[in-house]
Amino acid sequence: MTHLTLTDIEQMDRTSIRILTELGVRVDDDALRQQAVRAGARPGRDADRLCFPEPMVREHVAMAPRQARYGDLRGRVTTVGPGLRPTFWTGAALNYVTGRQCRAITAADLADFCRVADTIDPLLAVVGTSLDDVPPACRDFVGFRIMAENTSKHLRPLLFTAEGVAPILEMARVLAGGHPLADSPVVSFGYSCLCPLHWSQISVDLWRATAGHNIPVMLNGEPIAGATSPVTLAGAVALANAEILAGVVLTQVLEPGRPVVHNLGFAHVTDMRSGMCLSGTAECGLLAVAGARLATFYQLPSASWMCTDSFIDDEQAAMEKMLTAFAHTSGGVNVIWGMGQLESEKTLSPVQLAMDEEIARAMLRWWDGFAVNDDTLAYDVVRDHLDQGEEFLGHEHTVAHFRAELSTSPLMARSSRGAWHQRGATSLAERAADRVRDVLAADPP
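Just so we're on the same page, the numbering used here is the position in the sequence shown counted from 1, plus 3.
What follows is the structure, encoded as structure tokens:
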């Protein structure tokens, strides 16, 4: 996003610092407020509000590492941070879509979704969801167990209570083979600030309960431009960035050096005609990219949410998800949530997940670019064609390079019309649905 200059980034940063210094942030936990005051914060205008002087903010942001590490259940570890390849995750949700039918997510639905997710190569992590048939106090650790039983991806549980942390950490240590979670980071956590400028008790409880293990924590600023933040995008960014910076300071007060992810990419905008909160618009892409630019400015990893406001896996979903995915990838976002999601982040669809794999593959291919050297410039290949009549298709250079240079797709229509008709003349969504049925019909791994 070239129209955001360094001067623009610095101006938004200064406004965020001014918000933190003069207006402050509400922090519900009294013990953490006292601890933060001892570290340099000042009491704010209200008893539960803290103001953060600029030197304190800069010092504590600098404590957080430039990178975060995420491990899966097969022992592979992926590092994210400014300038590194983007990663793709699923997302939290309330509802589950099959065809045009929508229902509250059940434990069986989450298991099915995780089984499909396990076949999606570009997917790094699976995120927990609500579970309608599980008591609320148990949903986080029951969901974590279901995820661990049905996928080998990195696990990001959705926490409902701080009490759910202990059983999740116990299971995570088993999944890590008894190794320290800092070395085998199979689980990570995160929470959203209540906009405007309010870190709740449960968020602090989560930070405290998960501290001491060097586990990455995602800090989400989630403004709704025009509703919970200024309608101007710059104003929404400055406010949400202040919330995230406050979260960085507080998590570093609790655990200096803990990896954090600066996440302004969960930002939304308001549809002024309906009052609906939107997640798939061009403005949402702009907000996410601005967040990534600020995260890079602070030398922190960044995150976002590629999403759509469509209710089903239709043309609107394809357009909005491709728009947001491309904006986030080209803007340098490190952790991109939203694989398999519909309806403004509220709904999961395994069919959409299969189609989103195509988007993720395309985004990663775009990110990787291509090499320019004597071998790839292929002067000798062109000469052989002109001098000896050797065809490009059969040339040893083509055999050596085509797999790395040219992407393939298991779902996209890339045949003749006749061959397409012979295979049933199906749409992308129909082919994705067939793939999901095949995965779920097979015996679980």
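In this text, a Cβ means the ideal position worked out from N, Cα and C, and glycines have one as well.
Rounded to whole angstroms, the Cβ separation of residue 356 and residue 96 is 11 angstroms, and the two are not in contact under 8 angstroms. Excluding its 5 nearest sequence neighbours in each direction, residue 157 has C-beta neighbours in its own chain below 6 angstroms: 73, 75, 127, 128, listed in chain order.
The alpha-carbon separation between residue 298 and residue 425 amounts to approximately 50 angstroms. Bounds of any alpha helix (DSSP H) do not take in residue 182, whose DSSP letter is neither H nor E. Within the DSSP bridge table, the entry for residue 122 names no partner. Between the beta-carbon of residue 91 and that of residue 322 there is about 18 angstroms, and that puts the pair past the 8 angstroms contact cut. Residue 241 and residue 19 have their alpha carbons spaced roughly 5 angstroms apart.
For residue 395, no pairing in a beta bridge is given by DSSP.
Going by DSSP, residue 98 is part of the beta strand (DSSP E) stretching over 98 to 101.
Secondary structure note for residue 153: its alpha helix (DSSP H) is the uninterrupted segment 142 to 153. Non-local beta-carbon contacts of residue 45 in its own chain, meaning distances under 6 angstroms to residues more than five positions away in sequence, involve 54 in chain order. The three-state secondary structure of residue 196, taken from DSSP, is coil. In this structure, the beta-carbon distance from residue 411 to residue 366 does not fall below 7 angstroms. Inclusion of residue 94 and residue 340 in the CB contact set at 7 angstroms is warranted, their separation being smaller than that value. Taking the CA atoms as reference points, residue 224 sits about 31 angstroms from residue 152. At the C-beta level, residue 107 and residue 149 stay beyond 7 angstroms of one another. Closest in alpha carbon position to residue 104, among 394, 316, 413, is 316.
In the assembly as shown, residue 344 is a buried residue. Its beta-carbon has 16 or more other beta-carbons within 10 Å. For residue 357, the enclosing alpha helix (DSSP H) stretches over residues 353 to 371. With contacts defined by Cβ atoms closer than 7 angstroms, residue 271 and residue 305 do not form a contacting pair. Around the CB of residue 37, fewer than 16 other CB atoms lie within 10 Å, so the residue is classed as exposed.
Rounded to whole angstroms, the separation of the alpha carbons of residue 448 and residue 247 is 40 angstroms. DSSP places residue 273 in no alpha helix (DSSP H) but in the uninterrupted beta strand (DSSP E) bounded by 271 to 273.
Residue 267 has its alpha-carbon roughly 8 angstroms from the corresponding atom of residue 293. Contiguous alpha helix (DSSP H) elements confined to the region 243 to 318 occur at 285 to 300, taking only those with 4 or more residues. The alpha-carbon separation between residue 230 and residue 320 amounts to approximately 24 angstroms. Here residue 130 carries a strand assignment [DSSP, helix/strand/coil].
Looking only at 111, 7, 187, 206, the smallest Cα-Cα distance to residue 82 is reached by 187. Boundaries of the alpha helix (DSSP H) harbouring residue 436: 431 to 444, taken from the DSSP string. With a cutoff of 7 angstroms on beta-carbon distance, residue 414 and residue 440 are scored as not near each other.
Between residue 287 and residue 327, the beta carbon gap of about 6 angstroms places them in contact (Cβ cut-off 8 angstroms). Excluding five sequence positions before and after residue 142, the CB atoms of its chain that fall closer than 6 angstroms to its own CB belong to 134, 163, given in chain order. Sequence-distant Cβ neighbours of residue 42 in its own chain, meaning closer than 6 angstroms and more than five residues away, are 256. Boundaries of the beta strand (DSSP E) harbouring residue 71: 71 to 74, taken from the DSSP string.
By the neighbour-count definition (other C-beta atoms within 10 Å, threshold 16), residue 146 is a buried residue. Per DSSP, the continuous beta strand (DSSP E) segment holding residue 90 begins and ends at 90 to 92.
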